[in-house]
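Visitor: Residue numbers (our numbering), protein chains in the order written: chain A, 1 to 230; chain B, 1 to 230.
The C-beta atom is built at its ideal place from N, Cα and C for all residues, glycine as well.
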């Protein structure tokens, strides 16, 4: 089977990074589809955000369930981390976090893309802000791509347009693509709040990116939640 | 985290190959655990077989659900294959088959092993009889191992003791390990029948292996289903 070189699948969570990737892909490919993994997100609002953005961007969205993380994550704590309110206190990762999770997400995305005759996969992984996650690094993406090509006998290519960008550069990227408004519908807050809480690590990282970019966050504009102190 | 070098996790389906891998692992490692992926097998008897064998072998068994395949598989048919009774007629693969499925299974096994402090993974993939599956090949396993090591920052090693064995050699392997009787509880038949139908491709491949090995299949002995014509 010859893949369609004008098509791409975006691994799409409804957050700022994958929404920027969606805009990037739409500028580059004639046919763009999205896949969202429903792994039991604590905040279902993330899935609603993804659906809303896909509609606004005019792209198909396929939600694929994956209940493995809940099963692995629920029993995964090795005892050396405190757990508070379903979040590992030390890391602020949801307790459905599983080592190598992006490997699973991207393999599912590749399997879906294969079935659609698409070899180009786009993901928002980034090692600039999240260097603590080994499954977000460029070297991991290179190894994973080789594994997918071998295991599927298909010329899978993983595109990571945000890999070496700062959050501020990511804001500039989607702005320069003319799609900044899509960010008005993204969800970032770890606490699942709308308007966002503004104090969790995810909100702080997002706010810092917009501040350094010199751009107002369209989400806060939409919600009338712009705080001059941010 | 230093992994326990005396421990291994076996990716365990309850079939002949992974049961042989379990026996191989028990001869080699002091601590052996098994993980079974419940991906919505059409024949739930496979899961029952896996549980029964784990008890007989005296090893822990963890069942991890994965509902992604049903979602991907159910919509995956590209229209160029006929489907009969839930099986793709051309291939006899269950219609939950997804390209690169072993990549997912082994990544889940590695995530589980990581959480247990275990780096050694054992799988029954084999390129001798199944060379049509790219995700069963030695080259794929090498690439996947590199991907898992990068993505988990953990010295994952994938062991494939059956990779270059014929089915007859696999029968000899478990016999020589003194564990032939474990095969009396394995499930192979694609039609989910007990006693096995004897005519589906899986039954035929199994029967051919025992015939060439010059060994009676303990499953058929147990069930009183030995047929002199086989």
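Going along chain A, which residues have a C-beta under 7 Å from residue 7/B?
Guide: Here residue 7/B refers to the residue found at position 7 of the second chain. Under the 7 Å cutoff, chain A gives no residues; its nearest Cβ is about 15 Å from residue 7/B.
Visitor: Just to confirm, is the Cβ distance from residue 106/A to residue 11/A under 9 Å?
Guide: On the first chain, position 106 is the one that residue 106/A refers to. On the first chain, position 11 is the one that residue 11/A refers to. Going by C-beta atoms, residue 106/A is nearer than 9 Å to residue 11/A.
Visitor: Tell me, please, whether the CB atom of residue 41/A is closer than 9 Å to any CB atom in chain B?
Guide: The residue you call residue 41/A lines up with position 41 of the first chain. False, the Cβ-Cβ gap to chain B never drops below 9 Å.
Visitor: Just to confirm before moving on: does the CB-CB distance between residue 9/A and residue 181/A stay below 9 Å?
Guide: For the purposes of this step, residue 9/A is taken as the residue at position 9 of the first chain. For the purposes of this step, residue 181/A is taken as the residue at position 181 of the first chain. Result no, Cβ atoms of residue 9/A and residue 181/A do not sit closer than 9 Å.
Visitor: With C-beta atoms as the reference, is residue 110/A less than 9 Å away from residue 156/A?
Guide: Locating residue 110/A in the first chain gives position 110, counting from the first residue. Locating residue 156/A in the first chain gives position 156, counting from the first residue. Residue 110/A places its beta carbon less than 9 Å from that of residue 156/A.
Visitor: Taking 8 Å as the limit between beta carbons, can you name the residues of its chain near residue 7/A, skipping five residues before and five after?
Guide: To locate residue 7/A, count along the first chain from 1; it is residue 7. The answer, listed in chain order, is 29, 30, 31, 32, 33, 116, 117, 118, 120.
Visitor: Could you check where the alpha helix (DSSP H) with residue 61/A kicks off and where it finishes?
Guide: For the purposes of this step, residue 61/A is taken as the residue at position 61 of the first chain. It is not in any alpha helix (DSSP H) - residue 61/A instead sits in the beta strand (DSSP E) that spans 61-65.
Visitor: Given this structure, state the Cα-to-Cα distance separating residue 65/A from residue 15/A, to the nearest angstrom.
Guide: Here residue 65/A refers to the residue found at position 65 of the first chain. Here residue 15/A refers to the residue found at position 15 of the first chain. Going by the C-alpha atoms only, they are around 18 Å apart.
Visitor: How about residue 163/B: is its Cβ closer than 8 Å to a heavy atom in the ligand SAM?
Guide: Inclusion of the ligand SAM in the displayed structure is not the case, the ligand content being empty and no account of it being possible.
Visitor: If you reduce the DSSP assignment to three classes, tell me which class residue 121/A lands in.
Guide: Taking the first residue of the first chain as 1, we reach residue 121/A at position 121. Looking at residue 121/A - three-state DSSP - the assignment turns out to be strand.
Visitor: I need the DSSP call for residue 172/B, collapsed to helix, strand or coil.
Guide: Within the second chain, residue 172/B is the residue found at index 172, counting from 1. Helix at residue 172/B.
Visitor: Of the residues that make up the segment 42-62 of chain A, which ones have a beta carbon closer than 8 Å to any beta carbon in chain B?
Guide: none
Visitor: Would you please verify whether the beta carbon of residue 149/B is less than 9 Å from any beta carbon of chain A?
Guide: Taking the first residue of the second chain as 1, we reach residue 149/B at position 149. Yes, contact with chain A.
Visitor: What does DSSP give as the partner residue(s) for residue 157/A in the beta ladder?
Guide: In the first chain, residue 157/A corresponds to position 157, counting from 1. DSSP lists 120/A as partners of residue 157/A.
Visitor: Would you mind stating whether residue 167/B and residue 206/B have Cβ atoms separated by less than 9 Å?
Guide: Numbered from 1 along the second chain, position 167 holds the residue referred to as residue 167/B. Numbered from 1 along the second chain, position 206 holds the residue referred to as residue 206/B. By the CB criterion at 9 Å, residue 167/B and residue 206/B fall inside the cutoff.
Visitor: Helix, strand or coil for residue 34/A, going by three-state DSSP, please let me know.
Guide: The sequence position of residue 34/A within the first chain is 34, counting from 1. In the structure shown, residue 34/A sits in a strand (DSSP, three-state: E or B).
Visitor: Check for me: the beta strand (DSSP E) holding residue 194/A runs from which residue to which?
Guide: Position 194 of the first chain, counted from the start, is the residue given in the question as residue 194/A. Run containing residue 194/A: none; DSSP gives neither H nor E here.
Visitor: Using a beta-carbon distance below 9 Å, is residue 247/B in contact with chain A?
Guide: This structure leaves residue 247/B out entirely; chain B is present only between 1 and 230.
Visitor: Cβ of residue 4/B less than 9 Å from any chain A Cβ?
Guide: Counting from 1 along the second chain, the entry for residue 4/B is found at position 4. Cβ-Cβ to chain A under 9 Å: no for residue 4/B.
Visitor: Less than 9 Å between CB atoms is the rule here; does residue 13/A satisfy it with respect to chain B?
Guide: What you label residue 13/A is simply residue 13 of the first chain in a count that begins at 1. So, not an interface residue.
Visitor: Taking the beta strand (DSSP E) that residue 9/B falls in, what are its first and last residues?
Guide: The residue you call residue 9/B lines up with position 9 of the second chain. Unbroken beta strand (DSSP E) run through residue 9/B: 7-11.
Visitor: Less than 9 Å between the beta carbons of residue 151/B and residue 100/A, yes or no?
Guide: Working through the second chain from its first residue, we reach residue 151/B at position 151. Working through the first chain from its first residue, we reach residue 100/A at position 100. Yes.
Visitor: Are the C-beta atoms of residue 134/B and some chain A residue less than 9 Å apart?
Guide: The residue you call residue 134/B lines up with position 134 of the second chain. For residue 134/B, the answer is yes, since a Cβ of chain A falls inside 9 Å of its Cβ.
Visitor: Going along chain B in order, which residues have a C-beta closer than 8 Å to the C-beta of residue 155/A?
Guide: Position 155 of the first chain, counted from the first residue, corresponds to residue 155/A. Under a criterion of Cβ atoms nearer than 8 Å, no residue of chain B is adjacent to residue 155/A; the nearest Cβ is some 13 Å distant.
Visitor: Mind checking the segment 107-119 of chain A against chain B and listing, in chain order, the residues whose C-beta falls within less than 7 Å of any C-beta there?
Guide: If the cut-off is 7 Å between Cβ atoms, the segment 107-119 of chain A has 107, 108, 110, 111, 112, 114, 115 near chain B.
Visitor: With distances taken Cα to Cα, identify the nearest neighbour of residue 127/A among 51/A, 161/A, 183/A.
Guide: Start at 1 with the first residue of the first chain, and residue 127/A comes out as number 127. For residue 127/A, the nearest C-alpha among the options comes from 161/A.
Visitor: Would you call residue 216/A buried or exposed, if buried means 16 or more other Cβ atoms sit within 10 Å of its Cβ?
Guide: Position 216 of the first chain holds residue 216/A. With fewer than 16 Cβ atoms within 10 Å of its Cβ, residue 216/A is classed as exposed.
Visitor: Counting only Cβ pairs nearer than 7 Å, list the residues of chain A close to residue 158/B.
Guide: Taking the second chain and counting its residues from 1, one reaches residue 158/B at position 158. In chain order: nothing, as chain A lies at least about 11 Å away.
Visitor: Nearest by alpha-carbon distance to residue 49/A: which of 122/A, 221/A, 192/A is it?
Guide: Within the first chain, numbered from 1, the residue matching residue 49/A stands at position 49. Closest option to residue 49/A, Cα to Cα, is 192/A.
Visitor: If you draw a straight line from the alpha carbon of residue 197/B to that of residue 3/B, how long is it in whole angstroms?
Guide: Taking the second chain and counting its residues from 1, the one referred to as residue 197/B is at position 197. Taking the second chain and counting its residues from 1, the one referred to as residue 3/B is at position 3. Rounded to the nearest angstrom, the two C-alpha atoms are 43 Å apart.
Visitor: Does chain D have any CB closer than 9 Å to the CB of residue 103/B?
Guide: Annotation note: the requested chain D is absent from the structure, which comprises protein chains A and B.
Visitor: Assuming contact is defined by CB atoms lying nearer than 9 Å, are residue 219/A and residue 183/A in contact in what I supplied?
Guide: As a first step, residue 219/A must be located in the first chain, where it is residue number 219. As a first step, residue 183/A must be located in the first chain, where it is residue number 183. Cβ distance < 9 Å, so residue 219/A and residue 183/A count as in contact.
Visitor: Closest Cβ-Cβ distance between residue 121/B and chain A: below 9 Å?
Guide: Here the question's residue 121/B lines up with position 121 in the second chain. Not one chain A Cβ lies under 9 Å of residue 121/B.
Visitor: By a C-beta neighbour count over all protein chains shown, 10 Å radius and 16 as the cutoff for buried, is residue 125/A buried or exposed?
Guide: The sequence position of residue 125/A within the first chain is 125, counting from 1. Looking at its Cβ environment, which holds 16 or more other Cβ atoms inside 10 Å, residue 125/A is buried.
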